[in-house]
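Asker:
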Amino acid sequence: MGFAEKLKELRSQQKISQEELAKALGVSRSTIAGYETKSREPDLSTLVKIAAFFNVSVDYLLDSSEDSCLKFKLTNEEKKLLRNISSLTPNQLAKLNEFLESLKENKE
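Numbering (full-length UniProt numbering), first residue to last: 1 to 108.
(1) Beta carbon of residue 131, beta carbon of Ser86: below 9 angstroms?
(2) Thinking C-alpha only, which one of Leu61, Ser39, Val27, Leu44 is nearest Leu10?
(3) What's the gap between the Cα of Asp67 and the Cα of Met1?
(4) Under DSSP, the alpha helix (DSSP H) around Glu36 begins and ends at which residues?
(5) Contact defined as beta carbons within less than 8 angstroms: I believe Ala52 pairs with Leu82. What is the distance between those atoms, to the nearest angstrom?
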């Protein structure tokens with residue numbers, strides 16, 4: 001199952017209309033319809049917002065392998081981090097990634 005099918009399934013499971021999801025994500029209903037019909041693809045920022053909204057990982061949304069049916073629950077703190085990350089510029093994302101890499105190195 002690919003991204004389009006997963007998005008539609010998640011939306012159906014939660015009984016959310018395309019209009020409601022669009023409003024929550026700050027996009028148009030036709031954009032959501034485009035994602036579900038494979039005529040459009042979300043940018044990274046929107047993908048992160050979709051994952052946070054449905055409490056799943058971005059990997060889950062993008063992974064089309066058969067064994068990727070596990071849904072990962074995010075803590076409130078992780079959701080907050082994803083919302084903050086989604087608002088960063090590409091330059092800020094690069095700096096954040098460098099910072100996180102240095103944190104990992106110092107941990108060892």
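Backbone N, C-alpha and C define an ideal beta-carbon position, used for all residues, glycine too.
Answerer: Let me spell this out:
(1) Only positions 1 to 108 of the chain appear in this structure, which leaves residue 131 out of reach.
(2) Leu10 has its Cα closest to that of Leu61, out of Leu61, Ser39, Val27, Leu44.
(3) Low local confidence applies: a pLDDT of 47 at Asp67 is under 50, so the model's placement there is unreliable, and no value is given.
(4) Element bounds for Glu36: 29-36.
(5) Yes, Ala52 and Leu82 are in contact; Cβ-Cβ is about 5 angstroms, under 8 angstroms.
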